[in-house]
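Taking it in order: structure first as structure tokens, then the write-up.
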Amino acid sequence: MITMIAAAAENNALGKDNELVWHLPNDFKRFKALTSGHYIIMGRKTFESFPKPLPNRTHVVISRQKDYAPEGCIVVSSMEKAIAICPKDQTTFIIGGGQIYELGLAYADTIELTLVHHSFEADAFFPEIDRNNWELTTSEFHNKDEKHQYDYTYQTFTKK
Numbered sequence: 001m002i003t004m005i006a007a008a009a010e011n012n013a014l015g016k017d018n019e020l021v022w023h024l025p026n027d028f029k030r031f032k033a034l035t036s037g038h039y040i041i042m043g044r045k046t047f048e049s050f051p052k053p054l055p056n057r058t059h060v061v062i063s064r065q066k067d068y069a070p071e072g073c074i075v076v077s078s079m080e081k082a083i084a085i086c087p088k089d090q091t092t093f094i095i096g097g098g099q100i101y102e103l104g105l106a107y108a109d110t111i112e113l114t115l116v117h118h119s120f121e122a123d124a125f126f127p128e129i130d131r132n133n134w135e136l137t138t139s140e141f142h143n144k145d146e147k148h149q150y151d152y153t154y155q156t157f158t159k160k
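Residues in the sequence shown are numbered from 1 upward in steps of one, following UniProt numbering.
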């Protein structure tokens with residue numbers, strides 16, 4: 001199964017200048033819980049936004065750079081090649097960025113989206129979820145608090 005996992009604002013903003021524009025600790029914990037032990041597919045810029053590779057995950061990085069070879073990663077040149085090298089008997093996560101989500105939408109079975117209830121200036125965006133093709137199956141709202149500056153909702157969509 002292929003699952004796209006993202007946090008996006010109400011205007012589909014993902015980030016700006018290769019960084020997130022909000023800080024939601026509970027969303028980081030959820031991301032870690034869901035993706036640990038799995039293959040994660042990402043673009044080069046997303047990989048380079050991490051201070052170091054994420055522990056307990058197999059990193060598959062899509063890059064057009066022929067000689068790009070970060071230590072401990074599998075580098076491929078397309079979404080098709082990325083999906084082909086991942087195990088078919090377990091969930092693979094597509095973790096961004098914007099272009100990779102656009103490419104991955106056609107392959108995904110599920111979307112795990114954290115909807116941040118705010119709009120942000122951004123240069124990377126999550127693709128529009130077409131409700132003719134996707135069904136919202138779960139939704140869990142969380143109020144902002146001392147650690148979370150914005151209200152947010154965990155949403156799970158499944159392909160129809």
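For each residue, glycine too, the CB sits at the ideal point set by N, CA and C.
So, M4 versus I94, is the Cβ gap smaller than 7 Å? Closer than 7 Å, so yes.
Applying the 10 Å Cβ sphere with the 16-neighbour rule, what's the burial state of I62? buried
Helix or strand or just coil, what does DSSP make of G43? strand
Please name the residue in R30, K29 and T91 whose C-alpha comes closest to that of I41. T91
Can you list, in chain order, the residues of its chain whose CB lies under 6 Å from that of C73, leaving out five sequence neighbours each side? Around C73: H59 and V61.
Among the residues of its own chain, which have a CB less than 8 Å from the CB of K45, if the five just before and after it don't count? N18 and G97
According to DSSP, what are the bridge partners of L113? Paired residue(s): A6 and Q155.
Between the beta-carbon of L136 and the beta-carbon of Q149, is there less than 7 Å? no
Counting along the chain, where does the beta strand (DSSP E) carrying I129 start and finish? Segment: none, I129 is in no beta strand (DSSP E) and carries neither H nor E.
Three or more C-beta pairs under 8 Å: does that hold for the region 24-32 against the region 66-86? Taking a contact to require three or more Cβ pairs closer than 8 Å, the region 24-32 and the region 66-86 do not qualify as touching.
In the DSSP assignment, find the beta strand (DSSP E) that holds A106 and state where it starts and stops. Neither: A106 is in no beta strand (DSSP E) and is coded neither H nor E.
Evaluate T138 with the Cβ neighbour count: other Cβ atoms within 10 Å of its Cβ, from every protein chain shown; 16 or more gives buried, anything less gives exposed. Exposed, since its Cβ has fewer than 16 Cβ neighbours within 10 Å.
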